[in-house]
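K.L.:
Taken in order, these protein sequences are the chains called A and B. Going by our numbering, the letters in the first sequence line up with residues 155 to 487, in that order. Going by our numbering, the letters in the second sequence line up with residues 373 to 701, in that order. Positions of the beta carbon are idealized from the N, C-alpha and C atoms, including for glycine. Just so it is clear, the structure is predicted and the values come from calculations on it, not from any experiment.
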Amino acid sequence: MRNDTRPLLSVRNLRTSFFQDEGTTKAVDGASFDVFPGKTLGIVGESGCGKSVTAQSILRIVDRPGRIVDGEIVLTRADGSEIDLVKLKANSREIRSVRGGDIGLIFQEPMTSFSPVHTVGEQIIEAVLLHSEVGKKEARLRGIEALRSVGIPKPERRIDEYSFELSGGLRQRAMIAVALSCNPRLLIADEPTTALDVTTQAQILDLLRKIQQERGMAIMLITHNLGVVAEMADDVVVMYLGKVVEQGKVDDIFHDPKHPYTKALLQSIPSIDSTPRLKLPTISGSIPHPFNRPKGCPFHPRCVSAIAGRCDVEEPPLQAVGEGRKASCFLYP
Amino acid sequence: MVAYVVRRLLLAVLTVWAISVLSFMIIHLPPGDYVTSYIASMSASGSAVSEGEANALREQLGLDKPITVQYAKWMGLMLQGNFGMAMEWGRPVSDVIGDRLTLTMVISVAAIIFTWALALPIGIYSAVYPYSFADYVFTFVGFIGLAIPGFLLALVVMYVGFAYFGANVGGLFSPDFAEAPWSLAKIWDLTKHLPIPAVVLGVSGTAQLIRIMRSNLLDELRKPYVMTARARGLSEYRVIMRYPVRVALNPFVSTIGYLLPYVVSGSIIVSLVLSLPTVGPLLLKALIAQDMFLAGTIVLLLGVMTVIGTFISDLLLMWVDPRIRLGRQ
Numbered sequence: 155m156r157n158d159t160r161p162l163l164s165v166r167n168l169r170t171s172f173f174q175d176e177g178t179t180k181a182v183d184g185a186s187f188d189v190f191p192g193k194t195l196g197i198v199g200e201s202g203c204g205k206s207v208t209a210q211s212i213l214r215i216v217d218r219p220g221r222i223v224d225g226e227i228v229l230t231r232a233d234g235s236e237i238d239l240v241k242l243k244a245n246s247r248e249i250r251s252v253r254g255g256d257i258g259l260i261f262q263e264p265m266t267s268f269s270p271v272h273t274v275g276e277q278i279i280e281a282v283l284l285h286s287e288v289g290k291k292e293a294r295l296r297g298i299e300a301l302r303s304v305g306i307p308k309p310e311r312r313i314d315e316y317s318f319e320l321s322g323g324l325r326q327r328a329m330i331a332v333a334l335s336c337n338p339r340l341l342i343a344d345e346p347t348t349a350l351d352v353t354t355q356a357q358i359l360d361l362l363r364k365i366q367q368e369r370g371m372a373i374m375l376i377t378h379n380l381g382v383v384a385e386m387a388d389d390v391v392v393m394y395l396g397k398v399v400e401q402g403k404v405d406d407i408f409h410d411p412k413h414p415y416t417k418a419l420l421q422s423i424p425s426i427d428s429t430p431r432l433k434l435p436t437i438s439g440s441i442p443h444p445f446n447r448p449k450g451c452p453f454h455p456r457c458v459s460a461i462a463g464r465c466d467v468e469e470p471p472l473q474a475v476g477e478g479r480k481a482s483c484f485l486y487p
Numbered sequence: 373m374v375a376y377v378v379r380r381l382l383l384a385v386l387t388v389w390a391i392s393v394l395s396f397m398i399i400h401l402p403p404g405d406y407v408t409s410y411i412a413s414m415s416a417s418g419s420a421v422s423e424g425e426a427n428a429l430r431e432q433l434g435l436d437k438p439i440t441v442q443y444a445k446w447m448g449l450m451l452q453g454n455f456g457m458a459m460e461w462g463r464p465v466s467d468v469i470g471d472r473l474t475l476t477m478v479i480s481v482a483a484i485i486f487t488w489a490l491a492l493p494i495g496i497y498s499a500v501y502p503y504s505f506a507d508y509v510f511t512f513v514g515f516i517g518l519a520i521p522g523f524l525l526a527l528v529v530m531y532v533g534f535a536y537f538g539a540n541v542g543g544l545f546s547p548d549f550a551e552a553p554w555s556l557a558k559i560w561d562l563t564k565h566l567p568i569p570a571v572v573l574g575v576s577g578t579a580q581l582i583r584i585m586r587s588n589l590l591d592e593l594r595k596p597y598v599m600t601a602r603a604r605g606l607s608e609y610r611v612i613m614r615y616p617v618r619v620a621l622n623p624f625v626s627t628i629g630y631l632l633p634y635v636v637s638g639s640i641i642v643s644l645v646l647s648l649p650t651v652g653p654l655l656l657k658a659l660i661a662q663d664m665f666l667a668g669t670i671v672l673l674l675g676v677m678t679v680i681g682t683f684i685s686d687l688l689l690m691w692v693d694p695r696i697r698l699g700r701q
């Protein structure tokens with residue numbers, strides 16, 4: 155079944171902008187990447203680089219005044235047919251069967267991702283009823299099963315509880331259960347562990363890996379935590395200001411980063427071998443607001459290797475810099 | 373949960389007692405008493421009341437006793453279900469108030485239904501499509517509704533109804549039914565007369581409610597659970613109606629308690645203009661005449677109804693909002 159040559163999801167030149175009175179914010183500005191069946195793609199970047207908007211664009215749930223202005227998001231469905239999600243209408247039947255059915259989504263806010271006035275069960279059962287032809291009783295059993303499969307103890311009791319009665323870790327597990335209840339082939343996890351403490355983070359990551367092995371599901375893992383990516387991902391996409399600046403296999407990216415931004419990111423994590431009390435290098439400056447995007451390479455004002463007269467004038471294209479990897483930087487002609 | 377109910381109940385009893393003291397004091401605040409205003413109205417109509425007659429009347433009504441004794445006697449009667457005599461009317465207070473109270477409730481409920489039926493859908497629309505053309509139109513019309521005094525609107529509606537439709541506006545009954553005993557025909561007659569007072573009384577509340585619903589819902593629409601509901605594949609309509617609207621409605625439940633007294637006290641002038649046989653005009657007359665039994669009873673009843681209403685809405689809120697029921701925010 156595993157067919158690594160044909161991507162499950164193929165994003166091409168995606169552009170999503172927010173049209174406000176102050177001006178247009180290009181949240182995602184020409185991102186391209188592929189997600190392969192059964193593999194994990196890590197999308198890394200600082201806050202505001204367009205990671206979450208990319209996820210919302212794939213499901214077509216970008217909030218107004220945001221809108222996809224260009225690009226393709228091609229999903230290969232279970233029967234082998236391909237659909238371009240960008241061409242579907244945002245509230246159409248087709249896209250709604252993709253949401254929750256083909257693609258499940260989990261968020262970083264387990265606290266507020268559940269309705270405060272509905273039980274966890276109501277929200278799982280609703281999803282099951284929507285995507286499969288079963289009765290209420292069967293849907294409830296499946297809901298309990300989904301809760302059990304993510305390691306929630308006493309699922310037949312927990313299903314009638316409200317999200318605020320669960321601990322943070324259980325809540326995120328319940329969130330995963332909702333996303334998995336209809337057997338999606340792709341799970342988009344948007345910062346799934348950010349709001350959790352470190353022990354719970356490890357448990358949730360283990361759970362995701364276990365589920366992936368059991369079901370052969372693809373995961374698109376959005377995070378700013380490089381440790382999580384190193385542990386989980388097969389392929390990595392590094393985003394900066396709505397653009398993909400580097401992509402490749404996880405080992406290549408971590409052991410031999412090409413783009414100065416990726417290098418800087420990796421240098422700013424503490425290593426177990428580093429001298430104690432040594433100040434970690436930081437990336438100078440701060441992320442410009444996407445509204446005030448710098449001319450040329452978006453990273454040049456903060457880049458240590460910026461070439462004056464080139465990087466601040468022209469925009470480097472994303473091009474191959476080795477076997478199966480790409481980067482957008484003039485250092486690699 | 374039981375502790376919550378018991379605490380609310382105890383607070384309610386305490387509040388009712390405080391209201392009874394306050395309403396008694398308020399009625400006694402203006403200088404003079406019923407006898408002074410009786411003398412004034414008698415001399416205005418040309419007949420004089422002698423000193424002796426006045427004192428006898430005071431003694432008969434117990435107005436010569438100290439104020440604390442008067443309060444104790446009043447409360448004693450109240451607790452026995454005896455509300456005293458309406459002095460001006462020469463009939464027991466319960467007689468005078470009875471029908472009017474029922475009609476007041478009927479009108480209030482009609483006004484509330486009108487308000488909610490109109491305001492909630494508009495509020496939802498305005499929040500889902502904020503800053504749209506229709507949102508601006510609703511806001512504009514809503515603020516006009518809020519700004520027009522009810523009695524003025526009543527006059528305009530009456531004039532238009534009379535001049536262009538020849539309708540018998542004003543009052544709650546046709547002349548044939550006004551004094552008739554209750555029957556199906558009389559109820560039907562009442563139903564036909566209800567819309568105008570309900571609309572006039574409901575207009576300003578509608579405008580307020582639209583604003584409240586709009587801002588509540590705008591807050592809720594930004595919450596992540598709306599996006600997760602969308603990500604499950606629900607249709608946009610179901611996402612909005614089932615989740616954020618449901619949550620945004622909760623605060624409304626807690627306002628039910630204030631609606632009745634608001635409609636009664638806010639509607640005195642409108643009721644006078646539309647000559648509605650409700651409690652509002654009665655309260656005004658009783659206050660002018662310093663009829664302490666009648667006015668006191670009405671003020672106390674309004675207070676008690678507010679307390680009961682609030683208690684009921686607390687229970688309702690507990691029922692609709694699990695965060696309160698299960699004791700966590």
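Determine the DSSP secondary structure at A:Asn-157, reduced to helix, strand or coil.
P.N.:
Model confidence at A:Asn-157 stands at a pLDDT of 45, short of 50, so the residue's coordinates are unreliable and nothing is read from them.
K.L.:
Is there a Cβ of chain A sitting closer than 9 angstroms to that of B:Thr-703, yes or no?
P.N.:
The shown model of chain B, from 373 to 701, leaves out residue 703 of chain B, and the question about it has no answer.
K.L.:
Measure the alpha-carbon distance for B:Asn-427 versus B:Val-679 and round it to whole angstroms.
P.N.:
Taking the straight line joining both Cα atoms gives about 38 angstroms.
K.L.:
Drop a sphere of 10 angstroms on the beta-carbon of A:Ala-462, count the other beta-carbons inside from all chains shown, and report buried for 16 or more, exposed for fewer.
P.N.:
A:Ala-462 should be labelled exposed.
K.L.:
How do the stretch 602-610 of chain B and the stretch 648-656 of chain B stand: do at least 3 beta-carbon pairs fall below 8 angstroms, yes or no?
P.N.:
The answer is no - the stretch 648-656 of chain B does not touch the stretch 602-610 of chain B, with fewer than three Cβ pairs under 8 angstroms.
K.L.:
Would you check if the stretch 396-403 of chain A and the stretch 183-192 of chain A touch, i.e. whether three or more CB-CB distances between them fall below 8 angstroms?
P.N.:
Touching, yes, given that three or more Cβ pairs across the two stretches are closer than 8 angstroms.
K.L.:
Going by C-alpha distance, which of B:Ser-415, B:Pro-493, B:Trp-461 and B:Ala-444 is nearest B:Asp-507?
P.N.:
Among B:Ser-415, B:Pro-493, B:Trp-461 and B:Ala-444, the Cα nearest to that of B:Asp-507 belongs to B:Pro-493.
K.L.:
Let me confirm a value: B:Gln-432 is counted as buried when at least 16 other C-beta atoms fall within 10 Å, else exposed. Which label applies?
P.N.:
Exposed.
K.L.:
Just how far apart, CA to CA, sit B:Gly-522 and A:Pro-264?
P.N.:
Spanning the two alpha carbons is a distance of roughly 48 angstroms.
K.L.:
I'd like to know whether the C-beta of A:Glu-319 is nearer than 9 angstroms to at least one C-beta of chain B.
P.N.:
Output row for A:Glu-319: interface = yes.
K.L.:
Classify A:Arg-294 as buried or exposed, calling it buried when 16 or more other Cβ atoms lie within 10 Å of its own Cβ.
P.N.:
The residue is buried, with at least 16 neighbouring Cβ atoms inside 10 Å.
K.L.:
Using three-state DSSP, classify B:Gln-701 as helix, strand or coil.
P.N.:
Residue confidence is low: B:Gln-701 scores 41 on pLDDT, short of 50, so the model does not pin down where it sits. Its coordinate-derived value is still stated next. DSSP places B:Gln-701 in coil when its eight states are reduced to three.
K.L.:
Expressed to the nearest angstrom, what Euclidean distance is found between the alpha-carbon atoms of B:Gln-452 and B:Pro-402?
P.N.:
Each residue's Cα considered, the two are about 28 angstroms apart.
K.L.:
Would you mind giving the Cβ-Cβ distance between A:Val-352 and A:Val-383, rounded to the nearest angstrom? I have them listed as a contact below 8 angstroms.
P.N.:
That belief does not hold up - the Cβ atoms of A:Val-352 and A:Val-383 are roughly 16 angstroms apart, past 8 angstroms.
K.L.:
Can you have a look at A:Asp-488 and say buried or exposed, based on whether 16 or more other CB atoms are within 10 angstroms of its CB?
P.N.:
With chain A covering only 155 through 487, there is no way to say anything about residue 488 of chain A.
K.L.:
Please report the straight-line C-alpha distance between A:Thr-178 and A:His-443, rounded to a whole angstrom.
P.N.:
Taking the straight line joining both Cα atoms gives about 11 angstroms.
K.L.:
Can you look up A:Val-271 in the DSSP assignment and give me helix, strand or coil?
P.N.:
Three-state DSSP puts A:Val-271 in coil, outside helix and strand.
K.L.:
What first and last residue would you give for the alpha helix (DSSP H) that runs through A:Ile-358?
P.N.:
A:Ile-358 -> alpha helix (DSSP H) spans 352-369.
K.L.:
Can you check whether the C-beta of B:Ala-603 is within less than 9 angstroms of a C-beta belonging to chain A?
P.N.:
Yes - at least one Cβ of chain A is within 9 angstroms of the one on B:Ala-603.
K.L.:
Run the proximity test for A:Gly-225: is its beta-carbon closer than 8 angstroms to any non-hydrogen atom belonging to the ligand PLP?
P.N.:
Of ligands this structure carries none, so the ligand PLP is not represented either.
K.L.:
Looking only at its own chain, which residues have a Cβ that is under 6 angstroms from the Cβ of B:Ser-643, when we skip the five neighbours before and after it?
P.N.:
These residues qualify, in order along the chain: Thr-650, Gly-652 and Pro-653.
K.L.:
Taking the beta carbon of A:Met-155 as the centre, do at least 16 other beta carbons fall within 10 Å, making it buried, or is it exposed?
P.N.:
Confidence at A:Met-155 is low in this model, with a pLDDT of 41, below 50, so its placement is unreliable and the value that follows should be read with caution. Exposed is the call here.
K.L.:
Does any residue of chain B have a CB that is nearer than 9 angstroms to the CB of A:Met-374?
P.N.:
False, the Cβ-Cβ gap to chain B never drops below 9 angstroms.
K.L.:
Can you name the residues of chain B whose CB is closer than 7 angstroms to the CB of A:Val-207?
P.N.:
Those within 7 angstroms of A:Val-207 in chain B number zero; the least Cβ separation is about 12 angstroms.
K.L.:
Contact between the stretch 615-628 of chain B and the stretch 684-701 of chain B: three or more CB pairs below 8 angstroms?
P.N.:
As far as the Cβ criterion goes, the stretch 615-628 of chain B touches the stretch 684-701 of chain B, which means the pair count is three or higher.
K.L.:
Between the stretch 238-272 of chain A and chain B, which residues of the former have CB atoms less than 7 angstroms from a CB of the latter, in chain order?
P.N.:
Within the stretch 238-272 of chain A, the qualifying residues are Asn-245, Arg-250, Ser-251, Arg-253, Gly-254, Gly-255, Leu-259, Phe-261, Glu-263, Thr-266, Ser-267, Phe-268, Ser-269, Pro-270 and Val-271.
K.L.:
Cβ closer than 8 angstroms: which chain B residues qualify as neighbours of A:Val-399?
P.N.:
Neighbours of A:Val-399 on chain B: none; closest Cβ ~27 angstroms, over 8 angstroms.
K.L.:
For B:Ser-607 and chain A, any beta-carbon pair shorter than 9 angstroms?
P.N.:
Yes, contact with chain A.
K.L.:
From this set, A:Ile-212, A:Phe-190, A:Asn-167 and A:Val-223, which residue's C-alpha is nearest A:Phe-173's C-alpha?
P.N.:
The option with the nearest alpha carbon to A:Phe-173 is A:Val-223.
K.L.:
Which residues, taken in chain order from the stretch 616-643 of chain B, show a beta carbon closer than 9 angstroms to some beta carbon of chain A?
P.N.:
The stretch 616-643 of chain B vs chain A, Cβ under 9 angstroms: Pro-616, Arg-618, Val-619 and Asn-622.
K.L.:
Run through chain A and tell me which residues come within less than 7 angstroms of B:Asp-686, C-beta to C-beta.
P.N.:
Residues of chain A passing the Cβ test: none, with the nearest at roughly 17 angstroms.
K.L.:
If you measure from the beta carbon of A:Tyr-316 to each beta carbon in chain B, is any gap under 9 angstroms?
P.N.:
Yes, because at least one Cβ of chain B sits closer than 9 angstroms to the Cβ of A:Tyr-316.
K.L.:
Name, please, each residue of chain B whose Cβ falls closer than 8 angstroms to the Cβ of A:Leu-213.
P.N.:
Simply Arg-602 and Ala-603.
K.L.:
Any beta carbon of chain B sitting closer than 9 angstroms to that of A:Leu-284?
P.N.:
A:Leu-284 counts as touching chain B.
K.L.:
Applying a beta-carbon distance threshold of less than 8 angstroms, which residues of chain B neighbour A:Ala-281?
P.N.:
Within chain B, the residues near A:Ala-281 are Arg-604 and Gly-605.
K.L.:
Closest to A:Asn-167 by C-alpha separation, out of A:Asn-337, A:Phe-190, A:Ile-227 and A:Val-198, would be which residue?
P.N.:
Checking every option, the nearest Cα to that of A:Asn-167 belongs to A:Ile-227.
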